[in-house]
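Engineer: Mapping of the sequence shown onto full-length UniProt numbering: position 187 corresponds to residue 187, and the numbering continues sequentially without gaps.
One structure follows; several queries about it will come next.
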Amino acid sequence: MNAATTPDKAPLRSWLPGFLALAAIWGSSFLFIKVGIRELHPLQLTLYRVAAGAITLLVVLALLRDRLPREPRIWAHLFVVAALGVALPFTLFGFGEQRVESMLAGIWNATTPLIVLPMAVLVFRTERLTLRSAAGLGLGFLGVLVVLGIWEGVGGAHFTGQLMCFGAAACYGVAIPYQKRFVAGSSHSGLSLSAVQLLLATLQLAVVAPLVAGAPPVPTDLSGEVLASVLALGALGTGLAFVINMRNIRVAGASTASTVTYLIPVFAVLIGALALGERLNWHQPVGALVVLAGVAVTQGLVGRRRRRPVPAGTPAVPAAEPAGRR
Numbered sequence: 001m002n003a004a005t006t007p008d009k010a011p012l013r014s015w016l017p018g019f020l021a022l023a024a025i026w027g028s029s030f031l032f033i034k035v036g037i038r039e040l041h042p043l044q045l046t047l048y049r050v051a052a053g054a055i056t057l058l059v060v061l062a063l064l065r066d067r068l069p070r071e072p073r074i075w076a077h078l079f080v081v082a083a084l085g086v087a088l089p090f091t092l093f094g095f096g097e098q099r100v101e102s103m104l105a106g107i108w109n110a111t112t113p114l115i116v117l118p119m120a121v122l123v124f125r126t127e128r129l130t131l132r133s134a135a136g137l138g139l140g141f142l143g144v145l146v147v148l149g150i151w152e153g154v155g156g157a158h159f160t161g162q163l164m165c166f167g168a169a170a171c172y173g174v175a176i177p178y179q180k181r182f183v184a185g186s187s188h189s190g191l192s193l194s195a196v197q198l199l200l201a202t203l204q205l206a207v208v209a210p211l212v213a214g215a216p217p218v219p220t221d222l223s224g225e226v227l228a229s230v231l232a233l234g235a236l237g238t239g240l241a242f243v244i245n246m247r248n249i250r251v252a253g254a255s256t257a258s259t260v261t262y263l264i265p266v267f268a269v270l271i272g273a274l275a276l277g278e279r280l281n282w283h284q285p286v287g288a289l290v291v292l293a294g295v296a297v298t299q300g301l302v303g304r305r306r307r308r309p310v311p312a313g314t315p316a317v318p319a320a321e322p323a324g325r326r
């Protein structure tokens with residue numbers, strides 16, 4: 001999608017319901033992870049989640065008569081994206097939530113853009129570092145230290161859990177520019193590429209999970225609460241959410257759609273407090289606000305000069321891509 005196909009302004013009623021639904025789905029994912037790990041090893045939970053998401057997207061592909069890519073090169077790159085952007089971060093969030101609150105995991109998810117930018121600049125060379133983005137990075141990582149409560153000292157299960165959640169966000173931060181560098185230029189639809197990612201991640205986890213965590217339990221042996229959480233994570237958070245996000249990009253534009261990043265931790269905190277009775281220390285939401293301010297600066301949402309209207313006939317400039325899957 002480019003500037004010609006992603007409008008700067010669209011009627012609020014045309015995209016706001018889908019925007020809020022996506023934030024709620026991705027924000028509630030951390031609650032479902034918390035419930036799922038009550039009976040499942042994090043690797044087993046991720047395996048079931050990714051398999052359910054893959055089945056969901058394959059059904060959507062069949063309904064839309066879309067096709068999976070056939071080029072071995074695309075599959076090879078997506079194998080890397082599946083590991084870094086799906087299997088590993090989903091599992092790390094599961095391990096992290098064994099030690100920390102679900103709402104705190106949602107806050108750490110918001111740090112993803114802070115990793116994306118330096119990786120895109122220094123490793124994949126898909127972006128340029130500006131003074132504004134460097135300032136935003138500095139502010140964002142200051143917020144990370146505040147969330148960690150670094151003055152309280154390091155160590156302990158809670159601190160380890162936070163580092164695992166930050167590691168999951170860092171995986172997204174590597175996978176997003178990698179995909180942009182090696183996959184985004186292909187002619188295949190985003191839906192088909194995501195379906196391949198989930199299929200490959202399912203294959204990876206089907207090999208690793210039994211070796212590390214043992215054979216996964218039969219779904220019928222799980223409690224109704226855990227089974228519902230797995231299905232919600234897969235069919236909604238990993239499958240349907242992608243379709244909603246693609247519609248948001250098409251209707252509202254990529255830049256507007258990407259701001260869902262700011263609402264996900266809000267929903268994660270609200271849902272964690274209401275459904276699980278979780279509470280945060282004062283410095284964690286304060287640090288989250290600093291992180292989001294840093295992200296806003298790096299993405300040009302703060303201090304950006306108003307652009308002049310582009311004359312008709314001017315070549316389109318690619319729009320920014322959303323942050324990615326949760």
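The C-beta atom is built at its ideal place from N, Cα and C for all residues, glycine as well.
Contact between the region 236-252 and the region 8-25 is defined here as three or more beta-carbon pairs at a separation below 8 Å; is this criterion met?
Structural biologist: Contact between the region 236-252 and the region 8-25 is present, because at least three Cβ pairs lie under 8 Å.
Engineer: I'd like the span of the alpha helix (DSSP H) that includes residue 197, first residue to last.
Structural biologist: First-last of the alpha helix (DSSP H) with residue 197: 190-213.
Engineer: Among residues of its own chain, excluding the 5 on either side of residue 52, which ones have a beta-carbon nearer than 8 Å to its beta-carbon?
Structural biologist: Counting only Cβ-Cβ distances below 8 Å, and skipping sequence neighbours, we find 230, 231, 233, 234, 235, 238 and 239.
Engineer: Counting pairs of beta carbons, one from the region 55-62 and one from the region 217-227, are three or more of them closer than 8 Å?
Structural biologist: Contact between the region 55-62 and the region 217-227 is absent, because fewer than three Cβ pairs lie under 8 Å.
Engineer: Output the boundary residues of the alpha helix (DSSP H) element that contains residue 97.
Structural biologist: Segment 88-97, the alpha helix (DSSP H) holding residue 97.
Engineer: Look at residue 287 and residue 137 and say whether their C-beta atoms are less than 8 Å apart.
Structural biologist: Going by C-beta atoms, residue 287 is not nearer than 8 Å to residue 137.
Engineer: Just curious, the alpha helix (DSSP H) that residue 166 is in, first and last residue?
Structural biologist: Per DSSP, residue 166 belongs to the alpha helix (DSSP H) from 157-182.
Engineer: Quick test of your reading: residue 69 and residue 186, contact by CB under 8 Å. State the CB separation rounded to the nearest angstrom.
Structural biologist: 7 Å between Cβ atoms; contact.
Engineer: Look up residue 324 in the DSSP assignment and say whether it is helix, strand or coil.
Structural biologist: Here the model assigns residue 324 a pLDDT of 45, short of 50, so the residue's position is not dependable, and the following value carries that caveat. Reduced to three states, the DSSP call for residue 324 is coil.
Engineer: From residue 146 to residue 283, what distance separates their C-alpha atoms?
Structural biologist: Roughly 6 Å separates the two Cα atoms.
Engineer: By Cβ distance below 7 Å, which residues in the same chain neighbour residue 18 in space, the five residues on each side in sequence not counted?
Structural biologist: 244, 247 and 248.
Engineer: Excluding sequence positions up to five away, which residues of its chain have a Cβ less than 8 Å from the Cβ of residue 298?
Structural biologist: If we look at residue 298 and ignore the five residues flanking it on each side, its Cβ neighbours are 113, 114, 117, 132, 133, 136, 137 and 140.
Engineer: Going by beta carbon distance, what residues of the same chain come within less than 6 Å of residue 263, once the five residues before and after it are set aside?
Structural biologist: Counting only Cβ-Cβ distances below 6 Å, and skipping sequence neighbours, we find 23.
Engineer: Identify the continuous alpha helix (DSSP H) that holds residue 256 and give its terminal residues.
Structural biologist: Per DSSP, residue 256 belongs to the alpha helix (DSSP H) from 254-258.
Engineer: Quick one, which of 259, 126 and 194 has its alpha-carbon nearest residue 302's?
Structural biologist: The shortest Cα separation from residue 302 among 259, 126 and 194 belongs to 259.
Engineer: Going by beta carbon distance, what residues of the same chain come within less than 7 Å of residue 196, once the five residues before and after it are set aside?
Structural biologist: Same-chain partners within the cutoff: 68, 69, 75 and 78.
Engineer: Confirm, please, whether the CB-CB distance from residue 102 to residue 272 is below 8 Å.
Structural biologist: Yes, the Cβ-Cβ distance between residue 272 and residue 102 is below 8 Å.
Engineer: Just checking, does the region 197-213 make contact with the region 83-100 on the three C-beta pairs under 8 Å criterion?
Structural biologist: Short answer: they touch.
Engineer: Judging by CA-CA distance, which residue of 160, 158 and 182 is the nearest neighbour of residue 124?
Structural biologist: The residue with the shortest Cα to Cα distance from residue 124 is 182.
Engineer: So, at 7 Å on beta carbons, what are the nonlocal neighbours of residue 60 in its own chain, with the 5 sequence-adjacent residues on each side left out?
Structural biologist: The answer, listed in chain order, is 191 and 243.
Engineer: Check residue 40 in the structure and name its three-state DSSP category.
Structural biologist: Coil.
Engineer: Under the assumption that residue 91 contacts residue 43 (Cβ atoms under 8 Å), give the Cβ distance between them as a whole number of angstroms.
Structural biologist: Confirmed, Cβ separation roughly 6 Å.
Engineer: Confirm, please, whether the CB-CB distance from residue 89 to residue 213 is below 8 Å.
Structural biologist: Not a contact, by the Cβ cut-off of 8 Å.
Engineer: Taking Cβ positions, are residue 27 and residue 241 nearer each other than 8 Å?
Structural biologist: It is not a contact, given that the beta carbons lie outside the stated cut-off.
Engineer: Assign residue 25 to one of two classes, buried (16 or more other C-beta atoms within 10 Å of its C-beta) or exposed (fewer than that).
Structural biologist: Residue 25 should be labelled buried.
Engineer: Hey, how far is the Cα of residue 217 from the Cα of residue 97?
Structural biologist: Each residue's alpha carbon lies about 20 Å from the other.
Engineer: Threshold first: 4 residues or longer. Then list the alpha helix (DSSP H) segments lying entirely within the UniProt domain "EamA" (16-148), N to C.
Structural biologist: List check, alpha helix (DSSP H) in window: 42-64, 72-82, 88-97, 102-109, 112-122 and 131-148.
Engineer: Once DSSP output is grouped into helix, strand and coil, what is the label at residue 154?
Structural biologist: Residue 154: coil per DSSP, three-state reduction.
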